[in-house]
Amino acid sequence: MKKQIKEKIQQLKPEMISSIVDCVKIPSVISDATENCPFGENIDKALRYTLELCKSLGFKTVYKDGYYGYAEIGEGEELIGILGHLDVVPEGELESWEFPPYEGVIDGDKLCGRGTQDDKGPTIGAIYAVKALMDLGVEFNKRVRFIFGTDEENLWRCINKYSENKEEIPNYGFTPDSKFPMINAEKGLLQVFLNAPGNSDIELELGNAFNSVPDKAAYKGKYIEELEKELSKLKFEYTREEDKICVLGKGVHSAVSDSGINAISRLAIALNNIGVNSNAIKFIAEVIAEDANANNIIENCQDEVSGKLTFNIGKLSINKDKESIGVDVRIPVTYDKEEFVKQLVEKAKEYGLTYEEFDFLKAIYVPEDNFLVKTLRKVFEEETGLDGKPHSSGGATYARALDNCVAFGSVFPGKPKTEHQANEYISIDDLTKAVEIYALSVYELLK
-9 MKKQIKEKIQ QLKPEMISSI VDCVKIPSVI SDATENCPFG ENIDKALRYT
41 LELCKSLGFK TVYKDGYYGY AEIGEGEELI GILGHLDVVP EGELESWEFP
91 PYEGVIDGDK LCGRGTQDDK GPTIGAIYAV KALMDLGVEF NKRVRFIFGT
141 DEENLWRCIN KYSENKEEIP NYGFTPDSKF PMINAEKGLL QVFLNAPGNS
191 DIELELGNAF NSVPDKAAYK GKYIEELEKE LSKLKFEYTR EEDKICVLGK
241 GVHSAVSDSG INAISRLAIA LNNIGVNSNA IKFIAEVIAE DANANNIIEN
291 CQDEVSGKLT FNIGKLSINK DKESIGVDVR IPVTYDKEEF VKQLVEKAKE
341 YGLTYEEFDF LKAIYVPEDN FLVKTLRKVF EEETGLDGKP HSSGGATYAR
391 ALDNCVAFGS VFPGKPKTEH QANEYISIDD LTKAVEIYAL SVYELLK
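To convert, note that position 441 of the sequence shown is 431 in the numbering used here; the numbers rise steadily by one, no gaps.
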């Protein structure tokens, strides 16, 4: 059966790639709500497109008010869940892209575009993995349900609505929204604003998302000459265009913010050094600076299961009325969130900043001896020859939505994670291999 599954996936491959390209062409970034489109019309289009695709492939489908949808196949009491999301983060500055972000360009082995890796490509790939089993006449004595979310990159209102509507919760499952071999532990995710009344003579509006380390931070204003001298002194990379300076960083997902370079933090350090008056800038420069592990707030916060705490300055807004810092924190799975919040509130208070919680997702941990973990690990190791020992992550995936759920692929060890970055892409060969692993894993779970 293994050989037949792989051959069938090769047959389905051109159709699978075409379906991903069609979905990438829908710029499903959150926008203003309209009637029946709580997260904007483009996200709704992506959801409807994916459900129509599933229906054409033989799944039973359900659409729920623009918040979520699901597609199901099989019979029986047990329900296997595969959770993916169809919304994407903003594309950022277009000049940073080699190809247009919403065209789904194929460049050699690369399928390029926003959502190809996070998470349209892997989600649609997993659909075709199950389609291969369907075409081969595999008996579905358990049900397999794909649950499609639409607000994963923001507040998870989609998956929360799924629970509020008392939809059936899968017994176990996975989400193809991370990396192989497997993520069985995810840090707590805390997103907050640190606010103060406006008292500065500068204005800034920086950052696109909590969960992206900003790679650029632009400044226009009267301090531009002093700022340029200070940036040169600090040896921070920047560009200058007449009355505008743009500090450059290295954008990465905030789950690994300690591997990036935060352009907002660098700009704040330089502005603080030249004496710009701002509570928010002073806090960033003196408390965080370039320490993405926030040791000045809580020293050496880490555990063996999930590693170090990470702290990302994702947004900064300063105007005459208000100053606001948007912060994304990933808290180790065994550490108490409230203890961290207490330390953050106290430190922020020293700088005249108040704490406003925006969102929180609790940590998850599925032990290595869990049958789901053992089954997926076995398939991965057999198909790659690599060690399938589960890892932990600071990322937030839909694995948190279930009690027995893990993040499983689709990025292979040693391959680049391009999510949330300009020039996002997925390797077509790697995706095809991932789809084989997904098909074989579902086949084993059905048995």
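For glycine and all other residues, C-beta sits at the position ideal for the given N, C-alpha and C. Values in this document were obtained by computation on a predicted structure and should not be read as measured data.
- The beta carbons of Asn394 and Leu366 sit no closer together than 7 Å.
- Secondary structure of Glu289 (DSSP, three-state): coil.
- For Leu238, the enclosing beta strand (DSSP E) starts and ends at 234 to 238.
- In the three-state DSSP reduction, Asp77 falls in the coil class, being neither helix nor strand.
- Across the structure, Ala207 and Cys236 are spaced so that their CA atoms are roughly 5 Å apart.
- If the five residues before and after Thr24 are omitted, its C-beta is found closer than 8 Å to the C-beta atoms of Gly30, Glu31, all from its own chain and listed in chain order.
- If you draw a straight line from the Cα of Ala199 to the Cα of Asp349, it comes to about 13 Å.
- By the Cβ neighbour-count rule, Asp99 is exposed, with fewer than 16 other Cβ atoms within 10 Å of its own.
- Going by C-alpha positions, Gly66 is about 18 Å away from Val52.
- Between Asp318 and Asn201, the gap from beta carbon to beta carbon is short of 7 Å.
- When secondary structure is reduced to three states using DSSP, Gly71 falls in the strand class.
- Annotated three-state conformation of Arg104 is coil, per DSSP.
- Looking at the backbone, the Cα of Pro112 and that of Glu346 are separated by about 34 Å.
- Around the beta carbon of Pro403, a 10 Å sphere encloses fewer than 16 other beta carbons of the protein chains shown; the residue is thus reported as exposed.
- Note that the segment 248 to 260 touches the segment 296 to 310; at least 3 beta-carbon pairs, one per stretch, sit closer than 8 Å.
- Between Gly48 and the set Ala122, Ser383, Asn262, Tyr57, the nearest pair of CA atoms involves Ala122.
- A check of alpha carbon separations from Tyr57 across Gly139, Val120, Asp191 identifies Gly139 as the nearest.
- Residue Thr387 holds the alpha-carbon nearest to the alpha-carbon of Asn144 among Thr387, Ile278, Gly239.
- For Ala284, the three-state secondary structure derived from DSSP is coil.
- With distances taken between CA atoms, Phe398 lies nearest to Gly163 out of Lys132, Gly163, Ser21.
- Only residues of its own chain outside the window of five on either side were considered, and among them Tyr58, Tyr60, Gly71, Leu73, Tyr152 have a CB closer than 7 Å to the CB of Ile137, listed in chain order.
- Within the model, the alpha-carbon separation for Val277 versus Asp377 is close to 40 Å.
- Under the criterion of beta carbons closer than 8 Å, Phe301 and Asn290 do not qualify as touching, at roughly 13 Å.
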